Each structure stands twice: as structure tokens, then as C-alpha cells.
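A short write-up of the structure that comes next.
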Amino acid sequence: MIRVENIRKTYQMGEVEVRALDGVSLTVEQGEYVAIVGASGSGKSTLMHILGLLDVPDAGVFEINNTDVTKFSENQLAEFRNRIMGFVFQQFNLLKRTSALENVGLPLIYARNGKKSDVPDKMLDLVGLQDRKSHHTNELSGGQQQRVAIARALVNNPQIIFADEPTGNLDSKSAKEIMQVMSELHARGLTIILVTHDANVANHAQRIIEIKDGKIVSDAPNPTAPAVPKMGVVEEPDVRGSGFGLQSLFEGLTLVKQSIRSLNANKVRTALSALGIMIGVAAVIATVAVGNGAKAAVEEQMSQLGSNLLMLMPQRRSRGGVRQAQGSVSRLSLADAEAIRTEVDNVVKVSSTVDGNAQLKAGNLNWSCRISGVDPDYESMRSYQPQLGRFFTDEEVNSRAMVCVLGVTPVRELFDGANPVGQQVKINRRSFTVIGVLPEKGSAGFRDYDDTAFVPSSTAMRRLFGKDYVDRIEIQIDKPHQMERAQTDILTLLEMRHRTASGTFEIRNLAEIQDAVSETSNVMSLLLSSIASIALVVGGIGIMNIMLVSVTERTREIGLRKALGARGSDIMSQFLIEALIISFFGGCLGIALGAGVGYAAQRFANMTVLFTHESIYMAFGFSALIGILFGIWPARKAALLNPIDALRYE
Ligand code: ADP
Ligand code: MG
Numbered sequence: 128m129i130r131v132e133n134i135r136k137t138y139q140m141g142e143v144e145v146r147a148l149d150g151v152s153l154t155v156e157q158g159e160y161v162a163i164v165g166a167s168g169s170g171k172s173t174l175m176h177i178l179g180l181l182d183v184p185d186a187g188v189f190e191i192n193n194t195d196v197t198k199f200s201e202n203q204l205a206e207f208r209n210r211i212m213g214f215v216f217q218q219f220n221l222l223k224r225t226s227a228l229e230n231v232g233l234p235l236i237y238a239r240n241g242k243k244s245d246v247p248d249k250m251l252d253l254v255g256l257q258d259r260k261s262h263h264t265n266e267l268s269g270g271q272q273q274r275v276a277i278a279r280a281l282v283n284n285p286q287i288i289f290a291d292e293p294t295g296n297l298d299s300k301s302a303k304e305i306m307q308v309m310s311e312l313h314a315r316g317l318t319i320i321l322v323t324h325d326a327n328v329a330n331h332a333q334r335i336i337e338i339k340d341g342k343i344v345s346d347a348p349n350p351t352a353p354a355v356p357k358m359g360v361v362e363e364p365d366v367r368g369s370g371f372g373l374q375s376l377f378e379g380l381t382l383v384k385q386s387i388r389s390l391n392a393n394k395v396r397t398a399l400s401a402l403g404i405m406i407g408v409a410a411v412i413a414t415v416a417v418g419n420g421a422k423a424a425v426e427e428q429m430s431q432l433g434s435n436l437l438m439l440m441p442q443r444r445s446r447g448g449v450r451q452a453q454g455s456v457s458r459l460s461l462a463d464a465e466a467i468r469t470e471v472d473n474v475v476k477v478s479s480t481v482d483g484n485a486q487l488k489a490g491n492l493n494w495s496c497r498i499s500g501v502d503p504d505y506e507s508m509r510s511y512q513p514q515l516g517r518f519f520t521d522e523e524v525n526s527r528a529m530v531c532v533l534g535v536t537p538v539r540e541l542f543d544g545a546n547p548v549g550q551q552v553k554i555n556r557r558s559f560t561v562i563g564v565l566p567e568k569g570s571a572g573f574r575d576y577d578d579t580a581f582v583p584s585s586t587a588m589r590r591l592f593g594k595d596y597v598d599r600i601e602i603q604i605d606k607p608h609q610m611e612r613a614q615t616d617i618l619t620l621l622e623m624r625h626r627t628a629s630g631t632f633e634i635r636n637l638a639e640i641q642d643a644v645s646e647t648s649n650v651m652s653l654l655l656s657s658i659a660s661i662a663l664v665v666g667g668i669g670i671m672n673i674m675l676v677s678v679t680e681r682t683r684e685i686g687l688r689k690a691l692g693a694r695g696s697d698i699m700s701q702f703l704i705e706a707l708i709i710s711f712f713g714g715c716l717g718i719a720l721g722a723g724v725g726y727a728a729q730r731f732a733n734m735t736v737l738f739t740h741e742s743i744y745m746a747f748g749f750s751a752l753i754g755i756l757f758g759i760w761p762a763r764k765a766a767l768l769n770p771i772d773a774l775r776y777e
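Take any residue in the sequence shown, note its place counting from 1, add 127, and you have its number in this note's numbering.
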């Protein structure tokens, strides 16, 4: 069954070469019960690990069932470990916080055979643990734990059992019981290879091989072996499941269950690593919602303007990066506005506009906001019909009257929301009478359209800001199709009035303004969401850190799983699934948090927010992607561990 010839294994310890195995040859037939004995350090474990396919020899011939196993791939080795052999270790190597039954069932997962789910039960009966099946392994005595390990070794109906000092950690009574179980297994026809330094233990075997310094010094039948009646012959091992259809679904679910269990065992750590993803996803969702909200609000504002508005302003001083000569700036005046109103065809309404900021004061309350000097036409052009009181008249513009119409925000800040009409308010220390309150316009992004006050354009120029020019002139044309014609007429008129060349003034129609505004809000959204994505990446790095720690911490567990027949891909999937679960979990919480932040922004900061399906899918997809991307490295690291190095890891 097993044939090795001239096997060598040398360990390099710095400068020193340790010849753990120095030309070992032996054959083991099916049904034999062999004990390998020798002093500590003689190479017993090394030999057993090689025979058990946990380690590879440096040189020599090695055949199992007439198959050369020295050229086996990782997966073939895993399959043999899973199917043909069972291991019993000195340190039991059971999963903690896991029931005896589940420990015994572990090799079945890697056998891809869900149909044999009653086998672990039977195996526990066989080793005499009927009444301890659902106990966690840490609630069992040493002897009982070793019996669980034996049941686990038997679960895939193996041909050979390898036991390395199975009684080394047990008291003499438990040791005797374990040896009893071993003898029974032998009686059932199993091949047993047992490693021990204890002559009493070795005496249970039928054949004793003694090793010294990596060489076999004696190999003989044991004359004092207890006679064991043969009870039967072991069946051929089952064929490994193909891993398709329902089978792989079962396998996937088992892996998910395993991952949830190990994440559950480290709740705080799992929660902390999910936190990073949660914050990242929340940031993305909230910023995208605020960005979309701002865009929607701007578009809403724009759509109220009507499509027949024009905006006239002086051309910016530098064009194409070349600064024009001094004094080339022409400024617009109130007279220009009047000329446009009277001389250009199809112009219905005109308003000069002057912008600035000012300090408002009512009683002992202060508020600073944007002040616009406008003309009475502005009211209907921009749908600013006051909700309380009235807008100012031509008369008041002509007389530079000290009157103002307040937006909702200054009313709230200065008058606590009470009706301010008829009250006095100081704007830059000059007394104004409040004659109206503007309708609510809402906000877009960080801009509050209600945080404003209107005064007559003439008053703003002369009495507030000390300017003799207007910043821009807004013009309403009768019909949209007259727009182009009006645009040229206005520019010609102004160039004539100012005696300047073309290009001094600039006219924008609504579509152009809209484009400019949405471009800025797009850039803003992009900027915000890229900052938010950085948070996501940082969250991913957090997951990676935790997974790397977890791989290191669970090295022995990984070694054990490999010894039980897990392939590299099984280990990889397990860690990837864990990373995915963390980021999925963080993603869900992040969506909730992001929605919460968005609603809070809407409710308390008065921002318009707009949640879209896309942003939620995107955040979700992102967190899954992050889980995979940042999980791959730790998962690969785990998958590539050599079984025996991992098992030995302290
Ligand atoms: P034992 O007979 O006690 O089971 P081992 O097979 O474990 O002995 O070890 C045989 C020799 O190989 C010892 O001298 C040991 O120090 C050495 N050895 C075993 N494993 C390693 C290793 N991973 N690295 C270096 N030396 C090792
Ligand atoms: Mg040993």
C-alpha cells in the first residue's frame, strides 16, 4: 500500500544541516498496525508527515497504492489527504468554540459530499462519545478531545490512520482508552501508522519500526502484540464529489457558515473593520445625494426663470490668457439699462443688478448676508413675488429709498420668523424699512438662496456699496425665438454707447448660464465623491489589515484544514468570503448611515438632497469590490501556506 525507498529530508538551520531522514526505506501493507518508535528528535514525526503527504521529501521514491505521489499537484495531495488518510495529532487540533459534531464533519466539507451528513454522528458513536456530540470541544476532557479527533480522522472512510504521539498529552487512563479505540479500528481492517516514544504504547502494534538519527535501525513484528480478530475489510474510499449544481451550493453555504462563525468569534474586531467601510459608503452616499440635490435645485431654479431671459455683463478682463490694456474695462450703468429698455425691440423687462455683502442688524441681533440691488421688474422676471408685504416701486428706485425686501433666512435670524414688515433693519449701519418678505427658494448644496435681501438698485449703488456702475443687467425678451436678434441689437447698442469694439460686453442666455452652473456643480460633486471614495479605500485597507492579522492568528487552523483535505482554493474562498461579509455588512450600515446623514442635512441644514438608486448600487458594488480587492492578498497568503509549516506555527 505504501512504499518508500531511500527517502531523505534535510533541514537547514542557519549554518547547520539537520538530516531528519537519512535514507529511509519501508513498505506497509494494507491492514497493518505499525508503530514507529525512537528517541525524541530521531525523525519520527518527519517521516510521518511525509508519509501523510503533509510534507515532501528532498529525495527518494514514494508510492501510495502503486501511484507515484512525489509529482502530485497541490490539489491531488489535498484529495489524497482528504480521502485516503486520517490524522490524529498529539495536540488534538480541534476547532475551538465549535461542537464535537461539527469538528468531526469538517473533512466532509472538503470532500464536497453533503449526502454523508449522518456520518459524523455514527463516528462519534463509534468512539464512544454518544452523549457529548453538541458539546464544544473546550468543554471536553483531553481523552474525549482525542476521541473527537479520531472520529474526525474516520469520517471520510480512509484507508490509513496516521497518529503522532496520540497519547502524548493524556493521562494513563485516557491513553489506555485511546489505544483501545486504535485496536478496534485495526480490527475493522484499517491500516494504522502510529508514532510514539513510549514502548508501552508501541506494544499495541503488530510491527515495530525503530528509527535513530533519521535511519531505520530495526523493523520487526512485535511478538507481544495482542491477538486481534479481524472484523472486516475497509471499503474502497468514496469518489470525491464533482462540485457542480446543488453540491457546490451546499459547499458555498457551508463556507459562508464557517466564515460567519469565525467572524462571530471576533465580534469587536469584525465590527471595527466594518466601520471603515461603513464610513466610506456613508460618505459616498451622502455626498452624492447632496451633489445631486444641489444640481436638481439649481435646475429647478433655472426652470422657473423661463427661457427668454438674457444676462448682460462686462466681458472679463483677460481673454485667452492675454490681459487687455488698462482702461479697457467698460462698466454698465443705470442709463444703459434704461437705453436697452427703450431702444431695443422685443425687450419687455429690464433690471440692473448690483451685488454685495452686508451686515444686517435688528435690535441686538446681527446677520451677514448677500444684498442684491435690483429694479422692480426683477420681481416678475425671477418670480420673486413677496409672500408678505410688497416689492419696491419705480418711485422708490428713483428716490433711492431706504427700503428692503428680506429673504426667509434673515427674517428667521433677525426677527425670529415673526412678520418684519414695517420694522426697521440696519444694513451696514444705515436704517432701512422692511417692506416685504421674499418667497422661499430653498438651497442647493451649500448655497442658501433664501439668505439674501433685496434693495432698490440705485440705493445699493449709491448708499450701500458706493458704486457708480451696475454689475449686470438682466433682460426679458417677449418671445424666445427673438432671442438671437435681441442679443445682437443689445450688443450693438452698447458698443455704440460706450464707443468700444465688440467683445467688451457679453450676453448669456439661459441655456449657457445653465451649462455653466451645472458644470460647476458637476465638478463639485466629483470632487466631493472622490474625497468620499478615499474613505472607502481606507476602509478597505482596514479590512486587509484585519484579515492579515486573522491569517497569522489562524495559521494553525489553516494548517489543520489543509491536513484534512482543504485545497488552496477552499482556504482562499473562506478568507475572501470573510472579507466580503465584512464589507457587505459595513456597506449595509453605511447606506443606512449615509441616508441618515442626508436626511439630517435636509432637515437641519436645509440642504436639498437627492438619493438615487445608482448611488446606492454603486456604493454597494464598491464595498463588495473593496472586500474582494483587499481580501485577495490575505486570502492568497493563507492559501499558499504549507500544511506542515502552518500546523507547527506557534
Ligand atoms: P521526533 O522523532 O522527535 O518526532 P522530528 O521528526 O520532529 O523528531 O525531528 C527530527 C529532526 O529534525 C530534529 O533534529 C529536529 O530538530 C529537526 N527538525 C524537525 N522539524 C524541523 C524544522 N521545521 N526545521 C528545522 N529542523 C527541524
Ligand atoms: Mg515528534
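Cβ coordinates follow ideal geometry from the N, Cα and C atoms, glycine included. Every value quoted in this text rests on a predicted model; they were computed, and no experiment measured them.
In this structure, the CA atom of residue 227 is about 45 Å from the CA atom of residue 660. Ranked by Cα distance from residue 442, the options 633, 159 and 744 are led by 633. In this structure, DSSP gives residue 300 a helical state, which the three-state scheme calls helix. Per DSSP, the beta bridge partners of residue 438 are 601 and 635. Per DSSP, residue 338 lies in no alpha helix (DSSP H) segment; the continuous beta strand (DSSP E) that holds it begins and ends at 334-339. Using a 10 angstroms sphere on the CB of residue 179, the tally of other CB atoms reaches 16 or more, which defines it as buried. Cα atoms of residue 198 and residue 188: separation of roughly 10 Å, rounded to the nearest angstrom. Residue 465: member of the alpha helix (DSSP H) spanning 461-470, first to last residue. Our two residues, residue 218 and residue 323, have alpha carbons roughly 14 Å apart in a direct line.
Remark: the C-beta of residue 337 is outside contact range of the ligand MG, defined as less than 7 Å to any heavy atom.
Excluding the 5 residues flanking it on each side, residue 568 has same chain C-beta neighbours closer than 6 Å at 576 and 577, in chain order. Distance check between residue 131 and each of 137, 542 and 151 places 151 closest, using alpha-carbon atoms only. In the structure shown, residue 346 falls within a strand segment according to DSSP collapsed to helix, strand and coil.
In terms of CA proximity to residue 560, 580 leads the group 580, 461, 738 and 566.
A distance of 8 Å or more separates the beta carbons of residue 209 and residue 222. If you look at residue 535, you'll find it in the alpha helix (DSSP H) that goes 535-542. In the DSSP assignment, residue 154 forms a beta bridge with 130. Excluding the 5 residues flanking it on each side, residue 195 has no same chain C-beta neighbour closer than 6 Å. Residue range 492-501 is occupied by the beta strand (DSSP E) that includes residue 493. Note that the C-beta distance between residue 591 and residue 640 is not below 8 Å. About 15 Å separates the CB atoms of residue 310 and residue 270; that is not less than 8 Å, and the two are not in contact. The segment 481-491 and the segment 540-555 touch, with no fewer than 3 CB-CB distances between them shorter than 8 Å. In this structure, the alpha-carbon of residue 508 lies about 23 Å from that of residue 529.
Remark: C-beta atoms of residue 413 and residue 716 do not approach each other more closely than 8 Å.
No heavy atom of the ligand MG is found nearer than 7 Å to the CB of residue 772. A direct Cα-to-Cα measurement between residue 466 and residue 593 gives close to 23 Å. Bounds of the beta strand (DSSP E) holding residue 558 are 557-564. Judged by DSSP in its simplified three-state form, residue 161 adopts strand.
Fewer than three Cβ pairs drawn from the segment 289-296 and the segment 249-266 lie within less than 8 Å of each other, which leaves the two stretches out of contact. Just measuring C-alpha positions, the residue of 237, 475, 232 and 239 sitting nearest residue 248 is 232. Here the alpha carbons of residue 417 and residue 200 stand approximately 55 Å from one another. In this model, residue 491 and residue 549 are separated by some 18 Å (Cα to Cα). The nearest non-hydrogen atom of the ligand MG is less than 7 Å from the C-beta of residue 291.
In this structure, DSSP gives residue 212 an extended state, which the three-state scheme calls strand. If you check the CB distance, residue 155 and residue 343 do not come in under 8 Å.
For residue 310, the CB stays at least 7 Å from every heavy atom of the ligand MG.
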